[in-house]
Structure formats: structure tokens, C-alpha cells
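The structure appears below as C-alpha cells.
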Amino acid sequence: MCCRRLAFWACLPLAVLGLSETFHEQLHIRSLPDGKVASRFSFSTILAGAHPPSPHNRSLDDDPQHYTLFPLGLGQILREYAVTEMHLTLNAGKWSYDRWGYPEEDGVGTGAELWAWMADGADATVDQRWLGLRNALAGLFCASLGSLDELRTTSPGFVFAPGALPDWPFPHAIRHASLPSEHVCTENLTPFLKLLPCKSSSGLASLLNPHRLFEADWHGMGLHVSWLPEEGVQVRLTFQTVSDPLRPSNKRDWSFGSLFDRTIQRSCPVASSSEIAVALPFRVPYTISPEPSLVDSGLAIFDVSQMEKPLDVSLHWPQGFQYSTSALAEAPLSIRRTLKGYTQDNGELSVLIKNDQDRSVDVAYLETMPWIVQFYLHTLILQIDGVTRPELLRNITYTPPVPHSRATMFQVIVQIPPRSTLKLSMDITKAFLRYTEHPPDAQRGWDLPPAVFVPLDSEPQRRIYAPTLLVDLATPDFSMPYNVIIFTCSLIAFIFGSIFNYLTRRFVVLQVPS
Amino acid sequence: MATSLRDPSTLFFQSEAIRRLIISSYWVVLIAALPLWWHTTSIERLSLPTSRVNAQADRQLRLPISIGLEDASLVGPLQRELDSRGQRWKGLDVTVAGAAANASYIVVNADNAALLGERRLQFPLRRATIPLLADALSDLLVPRLNSHRIAHYAPRYRLAFTLLNEDAVEGDAISSWDISTAITHQLSPLLDALSVLHNFTIESQVQFHAPLAFSPQPMSDGSVGLTPEDLTVFVNSAEWTLSSSVSNDPVLHFLVFVPSSSHRPMHILDAHGVPTTAESFLLPQWGGIVIYNPPNTERGVRPLSHDALSSILPQFSNQLLSLLGVAKLPPGIPSTSPLTEWQLDALLRRRAFENTLEATETLQSIVRLVDQIDNMPVGQDVRGDVLSALSSLDHIHIHSKTASALPLPLSLSLNTTLHHSATALTLASRAFFNPGMLALLYFPTEHKFAVYMPLFASAVIPLLATVIREVAAWRKQRREAAVAVAAAAQ
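Just so you know, the protein sequences line up as chains A and B, in that order. 449 is the number that this note's numbering gives to position 449 of the first sequence; each next residue is one higher, with no gaps. Numbers given in this note's numbering equal positions in the second sequence, counted from 1, plus 514.
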């Protein structure tokens, strides 16, 4: 009944008739200083002229949605939960900033991480829509995102700043949660590929061979939805890997065949642009084949639609590879984060931030913890070479945890003087969980989310993820609940019996015949 | 002190009154705690209106139909003729009258050919054509339909239109289609007419790589053919991303399949392997598929031509009508509008019957299930849903009785009936699938006793023993006292 008037709605979010949709794909490959190869696939679909779905207009339910290149399954989710901006990453492994520098995509925290900016003002609150979004994405990607529940949700708006937000009367709010124990695997890649217009049958996506991607040293996928006011709504799907060509051959040489075990046979007919960018080595001899379409500022660019098929780009170093002993990467900070203490009820969180530059750096430091680990803020100590330096700390933002429900958020800005290492430490207490709150593999411990660091004086501001931690909580003996019941009952019955006996006993003096 | 130790009965807590007080206070606490224990361990099982549900099952929904006949002399013969087709008119009270003003349907005389109007049929009225008229009325008012095809009733459907290129990479592919304009022009009037029954949400997508799960049969003339067996496995759900996960509304799919250039032209074969002219087929309760072979004159990646789209949309609208259960008009009775009131009324009646029957059956199942499984909790929400469903069903019956007496317009009366039946069905299903009913299903009584016994048996036995001992002591005392009193009296 509502289909006809829809055509006349002006400025219909994500559903305007005749919206042009464009699809761009890019593969960026660079050799890392330690001989590994980082590749980043980026598939971006732009719905030109579209606005993010507004939560105020609930008649949207009846509006038709017509898409050509934009994935319908995702469009439905974005509209149903009125999401303005959303980022989902599923990663496996630890990104080593010290050896590899900054990644092409910021979101490299281990496990699953989801954050979304949503406007208030709808019938459903932001939290209800956040719940729905989690469950919908869990279904779409076959991942346990449903576990990103209230126990893990925080609102760190400063570190996870939005891109452009539309000018609506109601404010936007962020929800963020991460699940470090989530493992990314083939079952997540299959739905990922189905969101692409050419699936994995042609174009750059045909290189996404699960057998090779998931044996890489580091791999991760991402889904980024954002609004570009000049262009429209953009959905960007990314896949990053760090593969190791040294392992099979002891040479740094790589080709599509060696990295992915596939070559590009056909180009995607609906891609507006399809390019491969290879970072060329600096001041060392090399050969690259085939001849790139363009070489620009150290990057060899291949236009896939123009190249001869099958396309197998390869890079060859005539000189062998020498492990470098000097500092390798360009990352400004080196971060180590550890959990100390061996008891099951308390411990110490210790963070070492090393600044190798000749100027001091301001860093925003964010911890989002489930309530199972609680901070004692009064024990927070900042030290440089054993000297306490409390003046380096400012802007503490702290959301205390609520046991069994709310997560902690702890955010500070610290200043790290030039060429020094800042040690930040804080006592923590570990929670005692209820029987049913333990995960199925309780003895393994709990993975704690990665901390996030943002150097504030660089432009653009980029996030640095510290590795995840594992905390060992007191675990009960799950195997014998019935024995425990019996034992407790016997004890209580014994105590009850004794007390009752003493209270009601009749004392009689017996004459002992002596 | 020394004396009390020699004679403990002088200690204050060794007095009989105190001891009895202690024992009785234990029992008071135990008995006072019993209701709490009972309350916290019992399963909430509210009573369900079993007799009302069973009474509902015995009732038959009857909808009145009155037919006004221009020629009053033919009223008797037509009524007899219609009554002889009794089985088909089950649940309907048909009355034929003269050209009365309040008749739902009117049949007027037309000399040569039949023509269908808005609840008005022009038919050559003669005594000889009465059996023909009865047939025509039966086909219009209670059409025969293949019930396996018809999608299950839902208040809202999603209509998902998908353009599938078998393999766009081969170069000769359809990149886009102006489906939204086509729907507005060609499908919207139909959807508006059907809006009394269902709401529709429309979505569309284009896929560029949709391989088949089987290889179609090559034919001698270079084309390929789809056998009837192929059609049953045509939809490749593993590769085609068709399903939408965001809502629970049922989806009706409408696919345009563009074969890859090596599979063109693609024909549908009949049971003997001979190509047919048909280019579309229907998957019962699922949707419709049109196979579009692009003409050889076109090459390259291009949008779907306007002509092609306007030839595809009528096939979709036919498929939609048969999926929703709209009957075709009987042969020989043409109509001016795409969807007549006769067809719509027939569908409304059919859906009302279906929903009422299904709601009643669901309610009976709930009652039976709760009867059979003693551990099944029945909460306030389940009971509330069952009661509301029953009252909706009652409304239908009351309404169908009063409707025949009141001069309500037929469409309004049918809409109300359908509305109530849909409400009853929704509520009954919601009660049936209430997750709260499963809560304690696998927590048997034996289990509970196994947990309680080690504590309760060992605590209650000393309590009982003391009470018995104390009562015995008390009776002994009384006897001795009585003996002493008697001795003193003597």
C-alpha cells in the first residue's frame, strides 16, 4: 500500500531512485622491513548522493530499497537500525608495530571489534538498535558478535571519533565493543565475499584464496560504512594479510602465485576502477613484472582492466635478504602492556610506552575492560627511569564498572618526554564470577580487549592497538556440582544436628561409683 | 554454681518449658518457610480455557452470500442448482433473491455475452443457461485453487526482485534495470488493490555472478534446455545471496535469470524433452522466475531494455497473484479491471476460513500439549494470548451472524472478518511459540529430590524424633500427675 508514494519522497536515505552506484577495488602490497609482505585489499561501493538512514522517520519500513552494486543484505541492516557510521573488524594474530610500522587500515586489534555511531531520537533507543545491529551482523558474518553484549559495550567517543555526521536535531552516540577471543576463519570470509558485486569470481577478489589467507602470519577483514558528504554513503570491505615469503624459499621475492596461489584471470566488469599498487623497494636493485601502467612516488600502479590476463604481478630482488639489526619501522611509539601477579584475586596492569623521537608526544590511552578486571585508580603511578612523574598525566575519564553488567572505560592523556620510556602501572582486582558466568573453556582464562593508543600530534590521528591480555580468574570445579551439593548438605546437616542437639539436650548427672 | 552442676535440672535452659519452646520455634520456622519454599520451587501453570477452545473447534465459520437475480422467476431454479453443488460451497450460506437492494452480488441479463463488473455479472439469463450460470458463480465465488502454490498468510510480505546474471564476466551482461519505475507503473495498482489483505515491502538487487548448481542440457540447435527436474533445483541458494535476514516477514522472490552467453538461448523443456515457449516458472510458496534470453542484436554490458522489462513485469504480476491465491476468472467471462471485486472477495473469504481454522487448531494443540506435559509452565502472557485469540475468534462468529442482518457493505464486513481471523492466528501462534513454555521442560522432579534429600532428610529426622520423644514425655508426665492427684485425693 505504501509503495507508490515512496517514489515521491525526496531525499530518501539509501533508497533514492536512480542513485548511481560505483564500485572501486584496490590491492596495495608492500614489502616489510623484516622480509614479510603486507597486502591490503579494499573494495569500496559508493551510493552516490545518499544520506545515512535517519532514525526519526519510521515510515521507512515500507520504503522500497533498490540496489545494484551496494549489498542488499547490508543495506537492510543499516536502515533497520539507522546506523550512520559503522566499523567491524575481525582479525587474527598480533600486529607488530615495531617491525611492520603502521598498517594500511587502522583496525588491527586482535579478535572482533565493532563500533558504530547512531543518532538518537528513534522509537528504539540507541542501545536497542546496538543490540539489533550486533545480532544482525553476527548472522551476516557467521561470527559470535552477539557476545559483544552490555558486559563489553563502552562509549569511547574521543578515541573512536566519527567521520562526517549529518546535522540532525538529535545527537549521535557511539557504542563500541571488542571480543578478543573471536577467531576469524573461512566461515567469515564466505559471507564477506558474497557482499562483493563480483564475489570471488573475477577481479581482485579472485585472489582471496582462504587456504593462503588464513595461513598468513597475520590476517584480518574489515567492514567500514561511513558517510562522505561530498559523495554519499560508502561501504568499504577490506582484507589485510601479512605473509611470509621467507618461510618456504628464504627469499623476499613474491608473486601472486606465491602469496595467494592464484592469479587474476578476469577483471570485474562492473568495477569503475581496479588497481594494484605495489610499493617499490628503495635504493636496492629489483625487477617487477609485468611492466606497471604507471609508476608514481614509489608506487607501481597496475590497472587490472587494461592488463593482459592472466595477471601475475611479481617482485624479485637479485640480492639475498639480510636480517636487519637496527630499528626497523617508522612507528613513533613502542608499547608493551602486561598483566602481572600470579594470584587469582589481584594483580597489576603495567604499560610501557617508549618514545624514540626527539620531541615529546601526547598520547591518548584507552582501556575498555569487561567488569571482571577492576582498576584501583589511586594506585596509578607514572614513572620514568624509576622517578615518579605524576605531572605527565592529564584528562582522566573513567567509567567505573558495575559488577555483572557494565564494562569499565578508562581514558587518559599522557605526555611522553623525548627519548624516554614511560611506565604506567595500576593495581587491579580480579572478579569472582558466578557459576553460570564462566565460558565453556573456563580454565583457559579470559581474553582482555586490546588497549588503544592515539598519538595526538600526528595528522591524521591513527590508532595503535596494544596486544590482548589473558587473565586467569578463580574457576570452580565444574565437574562435580552434585558432589558439592552433597558435601555442603552433609556439613549443614551436621552443624544443624549438633546445635539442635545441644539446645534440646537434657543433662543428667550420673553418679560414678568410685 | 556447684549446685547447678550437681543438679542440671536447676539450670534455666534445662527447664522443660524452655526446651519445648526451642523445639516448637524450630517447627514454627520450618512451617512458616514452607509456603516460601513452595512458591519458589513451583512452576507457574495458569489454567487455560480448555472448554472454550474445544467449543471453538466445534463451531463452523459461516459466511453469508446473497445473490440478487434480475429475473425473479429464475430464483428458485438457481437456488436449487447452487444447493446441488453443496460440497463446494461449504461454510457459505448462499441465498438467491430477486433484484433486492441489499444483495451482495447482482446478476443482470445480457443478451449475448457475459461481462463482469463490480460485484455485478451480466449473463444471458434464460432457464436453459441456469446450470451454466451456477458454474460461473461457483468459479467466481468459490474458485478451485492449487493450495500447494499459495504462500502462507502473513500480514506483510517482502517482495524481493533480483536480476541474476549467470556470469557477467563473459562480457555480455545486464548491468542494471529500472525496476523501481517499472514497479510503480505496472505493479503498484495491483499492490494497492491487494492492500486490504497484505502490506508489501519492496526490495531489489542485481547480481553479476549467479552460477547454476547443475549444467543445463545441451540441445541439438545450440540452445540449452531445462528439464522439469532441473527446475526444481534451479535456485542455487548456496551461491545466490537472496535471503534477507533483517525481518521475520516472509519473502516472495521474483528473479530474472540472464543465462551466460554460452548458455543462450535457454529454454524450458516439457516432460518429453521438447522445448516449450514458456520462459517463466513458479516455485510454489517461494516465488517466480523468468528466464530472459537477451536478443542477439545487443552486445556488451548494458542496462535491461525498457521493452524487456515491460514484458517481464506482467509475468511477475501473474506469479504474484497465484502465490497470493488470487483465482483466475472463469473462461468466457471477461473483465475490464486487472483485479475484480469478485476475485478479491473470494480471496478474503478463503483467507478468513484458513486463518480461523489454523488459529483454532493451534489453540487446540497448545491445550493438548500443556495437558500432556506436567512440567510445562504456562505464564500470564501465554494465557493472555490464548484468551485474546479466543475473543478474536468469537468476534468473527458474532460478526458473521450480525453482518447478514445489518446492511453493511460486503467489503467492509469481509475485511473485518479477515482482520479478526489474522489477529487470532497471530496471537495463537505467538502463544504456541512462547519461549517461556520451554523453561523447565528438562528439569524433572526426580532431579529436585536428589538435590533436596541429603539436606532435608538429615535435618528433619532429628526434629521429628525430638517431637515424638517430647510428646511421649509429656503424656507420661500427665499420667503421673493424674496418678499423683488421685493419690492425693484419696
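Ideal Cβ positions, reconstructed from N, Cα and C, are used throughout, including at glycine.
I believe Lys354 of chain A touches Ser334 of chain A by the beta-carbon criterion, under 8 Å. Please report the beta-carbon distance rounded to the nearest angstrom.
4 Å
Interface residues of chain A facing Tyr540 of chain B [CB-CB closer than 9 Å]
Phe500, Leu503 and Thr504
Around the Cβ of Asp859 of chain B, are there at least 16 other Cβ atoms within 10 angstroms (buried) or fewer (exposed)?
buried
Beta strand (DSSP E) containing Ala205 of chain A: first to last residue?
Careful: Ala205 of chain A lies outside any beta strand (DSSP E) and carries neither H nor E.
Taking buried to mean at least 16 other C-beta atoms within 10 Å of its own C-beta, is Trp1011 of chain B buried or exposed?
Past the boundaries of the shown model lies residue 1011 of chain B; chain B is included only from 515 to 1004, so the question cannot be answered.
Let me know if Ala508 of chain B comes out buried or exposed under the rule of 16 or more other beta-carbons within 10 Å of its beta-carbon.
One cannot answer for residue 508 of chain B here, as it falls past the ends of chain B, which runs 515 to 1004.
So if DSSP puts Asn277 of chain A in a beta bridge, which residue, or which two residues, is it bridged to?
The question names Asn, but residue 277 of chain A is Ala in the sequence shown. Partner(s): A:His28 and A:Ile301.
Using beta carbons (cut-off 8 Å, strictly below), is Glu855 of chain B in contact with chain A?
Glu855 of chain B does not count as touching chain A.
For Val509 of chain A and Ile492 of chain A, what's the separation of their Cα atoms in angstroms?
30 Å
Asp261 of chain A lies in the beta strand (DSSP E); which residues open and close that run?
Per DSSP, Asp261 of chain A is not a residue of any beta strand (DSSP E), being assigned neither H nor E.
Are three or more beta carbon pairs between the stretch 227 to 242 of chain A and the stretch 299 to 315 of chain A nearer than 8 Å?
no
Measuring only the C-alpha atoms, how far is Asn1005 of chain B from Ile264 of chain A?
Here chain B covers residues 515 to 1004 and nothing more, so residue 1005 of chain B does not appear.
Taking C-alpha atoms, which residue in A:Trp130, A:His28, A:Tyr365 and A:Ala138 lies nearest to Arg175 of chain A?
A:Trp130
Short Cβ contact (8 Å threshold) for Asp943 of chain B with Thr876 of chain B:
Note that residue 943 of chain B corresponds to Ser in the displayed sequence, not to Asp. Here Ser943 of chain B is near Thr876 of chain B, since their CB atoms are less than 8 Å apart.
Return helix, strand or coil for Glu437 of chain A, following the three-state DSSP convention.
Residue state for Glu437 of chain A is assigned as helix, using DSSP reduced to three classes.
Might you give, ordered along the chain, the residues of its own chain that have their beta carbon closer than 7 Å to the beta carbon of Lys430 of chain A, omitting 5 neighbours on each side?
Gln344, Asp345, Asn346, Gly347, Ile372, Val373, Val471 and Leu473
Those runs of the beta strand (DSSP E) which lie wholly inside the stretch 135 to 193 of chain A and span at least 3 residues
DSSP runs (the beta strand (DSSP E)) wholly in the stretch 135 to 193 of chain A: 172 to 179.
Determine the DSSP secondary structure at Ala7 of chain A, reduced to helix, strand or coil.
In this prediction, Ala7 of chain A has a pLDDT of 35, which is less than 50 and means its spatial position is unreliable; nothing more can be read from the coordinates.
List the residues of chain A that Thr980 of chain B touches, going by C-beta distances under 7 Å, in chain order.
Thr504
Option nearest Glu367 of chain A by Cα separation, candidates A:His378, A:Glu230, A:Val351 and A:Phe478
A:Val351
Just mark Ala586 of chain B as buried or exposed, buried being the case when its beta carbon has 16 or more other beta carbons within 10 Å.
exposed
In the DSSP assignment, find the beta strand (DSSP E) that holds Asp362 of chain A and state where it starts and stops.
Val361 to Met369
Is any beta-carbon of chain A found at less than 8 Å from that of Arg944 of chain B?
no
Nearest to Leu149 of chain A by alpha carbon, out of A:Arg406, A:Tyr67 and A:Leu259?
For the record, residue 149 of chain A in the displayed sequence is Asp; it is not Leu. Considering only alpha carbons, the answer is A:Arg406.
Assuming Val999 of chain B is part of the alpha helix (DSSP H), what are its boundary residues?
Thr959 to Ala1003
Hey, Ala945 of chain B and Ala903 of chain B: beta-carbon distance below 8 Å or not?
In this structure, Ala945 of chain B lies near Ala903 of chain B, with their beta-carbon atoms less than 8 Å apart.
Note down, in chain order, every chain B residue with its Cβ under 7 Å from the Cβ of Phe496 of chain A.
Ala973
At a Cβ threshold of 8 Å, is Ala687 of chain B touching chain A?
yes
Straight-line gap, Leu17 of chain A to Thr715 of chain B (C-alpha atoms, nearest Å):
Its pLDDT being 40, under 50, Leu17 of chain A is placed unreliably in this model, and the coordinates cannot settle the point.
DSSP state of Gly590 of chain B mapped onto helix, strand, coil
helix
Is Ser474 of chain B helix, strand or coil when you go by DSSP?
Missing from the structure shown is residue 474 of chain B; chain B here goes from 515 to 1004 and no further.
Any C-beta of chain A within less than 7 Å: which residues of the stretch 754 to 776 of chain B qualify?
Thr755, Ser758, Ser759 and Val760
Taking Arg865 of chain B as the reference, which of B:Ala792, B:Val710, B:Pro968 and B:Arg520 has the closest Cα?
B:Val710
Among the candidates A:Leu78, A:Phe260 and A:Asp106, whose CA atom is the shortest distance from the CA of Ser227 of chain A?
Correcting the residue identity first, residue 227 of chain A is Trp in this sequence and not Ser. Minimum Cα distance to Trp227 of chain A is reached at A:Leu78.
Taking a Cβ distance cut-off of 7 Å, strictly less, list which residues of the stretch 245 to 279 of chain A are near chain B, in chain order.
Arg266, Pro269 and Val270
Taking Cβ positions only, does Glu80 of chain A come closer than 8 Å to chain B?
Yes, Glu80 of chain A counts as interfacial toward chain B.
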